[in-house]
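Engineer: Structure incoming, see below.
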Amino acid sequence: MSVWAWPPGRASAQPAEPPEAPASLAAPPTTPPAPAYATLVERDAPPPLAQRKGQVCEEFWMRLPNVTWALCEAAQLRPGEGRSARGRPIYVRDVQPSAEQRLRVLVIGGIHGDEMSSASVPLHWIQFAQAEPEQGILWRFIPALNPDGLFDRPSRRVNANGVDLNRNFPTPNWEHDATHYWTVRTRKDPRRYPGPEPLSEPESRYLFEEMQRFRPHLIVSIHAPYGVLDFDGPQEPPRKLGRLSLNQLGVFPGSLGHYAGVHKGMPVVTVELVSAELTPRNVEIRRMWDDLHQWMGITLAQADATEDVPPRLRR
Numbered sequence: 001m002s003v004w005a006w007p008p009g010r011a012s013a014q015p016a017e018p019p020e021a022p023a024s025l026a027a028p029p030t031t032p033p034a035p036a037y038a039t040l041v042e043r044d045a046p047p048p049l050a051q052r053k054g055q056v057c058e059e060f061w062m063r064l065p066n067v068t069w070a071l072c073e074a075a076q077l078r079p080g081e082g083r084s085a086r087g088r089p090i091y092v093r094d095v096q097p098s099a100e101q102r103l104r105v106l107v108i109g110g111i112h113g114d115e116m117s118s119a120s121v122p123l124h125w126i127q128f129a130q131a132e133p134e135q136g137i138l139w140r141f142i143p144a145l146n147p148d149g150l151f152d153r154p155s156r157r158v159n160a161n162g163v164d165l166n167r168n169f170p171t172p173n174w175e176h177d178a179t180h181y182w183t184v185r186t187r188k189d190p191r192r193y194p195g196p197e198p199l200s201e202p203e204s205r206y207l208f209e210e211m212q213r214f215r216p217h218l219i220v221s222i223h224a225p226y227g228v229l230d231f232d233g234p235q236e237p238p239r240k241l242g243r244l245s246l247n248q249l250g251v252f253p254g255s256l257g258h259y260a261g262v263h264k265g266m267p268v269v270t271v272e273l274v275s276a277e278l279t280p281r282n283v284e285i286r287r288m289w290d291d292l293h294q295w296m297g298i299t300l301a302q303a304d305a306t307e308d309v310p311p312r313l314r315r
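The sequence shown: position 225 = 225 (full-length UniProt numbering), numbered continuously.
This is the structure in structure tokens:
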């Protein structure tokens with residue numbers, strides 16, 4: 001069987017686009033937030049400017065919340081095969097298992113450039129994955145799929161061509177549905193422009209090709225700032241990751257969840273952090289990681305890393 005198979009029995013409803021997040025979620029709150037989300041931006045002493053100039057961690061360390069120079073350097077990011085619209089490298093990191101490989105998991109952050117926390121959390125998770133090679137999981141991390149949007153000043157949701165990458169994947173009837181949804185439901189909101197055609201953008205094409213090359217059993221897509229856990233796919237969804245509880249929002253034309261989870265049968269866990277500018281506390285980031293592992297151990301336990309298809313388990 002091919003990995004690109006339609007999962008039966010799943011409706012592709014089109015929900016209303018979530019409204020813009022209230023300022024209290026998108027920016028540092030003026031009153032003390034819940035303890036799990038009270039993280040300050042951590043900064044350590046980087047190498048002298050002459051030594052760090054041009055290094056991959058220079059921009060990550062300067063822009064991302066709760067990312068120390070040591071954390072970024074330990075992640076050992078390398079340029080992947082993709083480039084952004086402006087020619088920036090899209091950095092990746094593979095963490096190999098020491099035990100027999102059972103699963104391939106793809107973790108993606110920074111699809112929307114103004115969701116800075118979504119690019120920070122993968123760097124913490126790389127650290128956890130490095131410390132747990134015996135789990136038998138091959139991890140592929142893409143912390144910032146949209147580096148142009150992330151490193152713009154100010155950061156922008158869309159890429160350099162003004163396209164929302166999370167509306168640019170080739171879902172069924174994209175040519176009609178994506179344009180109609182953008183025109184009628186969002187009233188041509190420029191932050192949600194789906195592009196002139198599916199996979200028109202180098203970043204979305206890269207991820208599309210990466211999914212075919214890597215054949216993940218699971219995709220974890222990290223966003224902010226709605227503070228929920230979403231899921232698309234044929235498996236039983238996780239009920240929580242840390243303090244985030246399951247709230248399935250439906251699917252949108254051209255979204256990664258619609259394309260990979262509904263159309264292609266790859267389970268997609270979408271983590272919506274509470275704030276775009278602040279990460280959870282480190283203990284909460286760890287709790288989310290542990291909950292993800294627990295769910296994977298139960299739901300994906302029958303997966304075989306030698307198969308060409310994601311596991312298809314009973315609900």
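Where is the CB? At the ideal position from N, CA and C, for every residue including glycine.
1) From residue 210 to residue 141, what distance separates their C-alpha atoms?
2) Are the beta-carbon atoms of residue 203 and residue 165 separated by less than 9 Å?
3) Which residue marks the beginning of the alpha helix (DSSP H) containing residue 297, and which one marks its end?
4) Three or more C-beta pairs under 8 Å: does that hold for the region 86-100 against the region 127-141?
5) Tell whether a beta-carbon distance below 9 Å holds between residue 147 and residue 113.
6) Which runs of the alpha helix (DSSP H) fall wholly inside the region 59-104 and span at least 4 residues, in chain order?
7) Measuring alpha carbon to alpha carbon, tell me which residue in 199, 230, 180 and 225 is nearest residue 275.
8) What's the C-alpha gap between residue 247 and residue 227?
9) What separation, rounded to the nearest whole angstrom, lies between the Cα atoms of residue 39 and residue 74?
10) Among the residues of its own chain, which have a CB less than 7 Å from the CB of residue 155, if the five just before and after it don't count?
11) Please state whether DSSP places residue 203 in a helix, a strand or coil.
12) Do you know how far the Cα of residue 104 is from the Cα of residue 215?
13) With a cut-off of 8 Å on the beta carbons, I'd call residue 218 and residue 300 a contact; round off their distance for me.
14) Can you name the start and end residues of the beta strand (DSSP E) that residue 218 belongs to?
15) Can residue 292 and residue 268 be called in contact, C-beta distance under 9 Å?
16) Determine the DSSP secondary structure at residue 169, reduced to helix, strand or coil.
17) Please confirm whether residue 244 and residue 273 have their CB atoms less than 9 Å apart.
18) Count the other C-beta atoms from every protein chain shown that fall within 10 angstroms of the C-beta of residue 282, then say buried if there are 16 or more, exposed otherwise.
19) For a quick check, are the C-beta atoms of residue 123 and residue 67 less than 9 Å apart?
20) Name the two residues that bound the continuous alpha helix (DSSP H) containing residue 175.
21) Note down the Cα distance separating residue 201 from residue 79, rounded to an integer number of angstroms.
22) Report yes if the C-beta distance between residue 194 and residue 181 is below 9 Å; otherwise report no.
23) Between which two residues does the alpha helix (DSSP H) holding residue 121 run?
24) Candidates 198, 285 and 298: which alpha carbon is nearest residue 125's?
25) Within 10 angstroms of the Cβ of residue 109, are there 16 or more other Cβ atoms? Answer buried if so, exposed if not.
26) Quick one: is residue 297 buried, meaning 16 or more other Cβ sit within 10 Å of its Cβ, or exposed?
27) Leaving out the 5 sequence neighbours to the left and right, which residues in its chain are closer than 7 Å to residue 30 when beta-carbon positions are compared?
28) Return helix, strand or coil for residue 213, following the three-state DSSP convention.
29) Looking at the structure shown, is residue 273 part of a helix, part of a strand, or coil, going by DSSP?
30) Judging by CA-CA distance, which residue of 81, 169, 145 and 129 is the nearest neighbour of residue 159?
31) Leaving out five residues on either side along the sequence, give the residues of the same chain with a beta carbon under 6 Å from the beta carbon of residue 295.
32) Whose CA, out of 259, 213, 207 and 212, lies closest to the CA of residue 231?
Structural biologist: The answer reads as follows:
1) 11 Å
2) yes
3) 282-299
4) Taking 8 Å as the limit for Cβ pairs, the verdict is that the region 127-141 does touch the region 86-100.
5) yes
6) 69-75
7) 225
8) 10 Å
9) Low confidence applies here, because residue 39 scores a pLDDT of 49, under 50, leaving its location unreliable and the question unanswered by this model.
10) 113, 114, 116 and 149
11) helix
12) 7 Å
13) 6 Å
14) 218-223
15) no
16) The answer is coil: DSSP assigns residue 169 none of H, G, I, E or B.
17) It is a contact, given that the beta carbons lie within the stated cut-off.
18) When all chains shown are included, residue 282 counts as exposed.
19) yes
20) Its alpha helix (DSSP H) spans residues 174-180.
21) 18 Å
22) yes
23) Per DSSP, residue 121 belongs to the alpha helix (DSSP H) from 116-131.
24) 285
25) Buried, since its Cβ has 16 or more Cβ neighbours within 10 Å.
26) exposed
27) Any reading at residue 30 must be qualified, since the residue scores a pLDDT of 46, below 50, and its modelled position is unreliable; no value is offered.
28) helix
29) coil
30) Taking only the C-alpha atoms, the option nearest residue 159 is 145.
31) 238
32) 259
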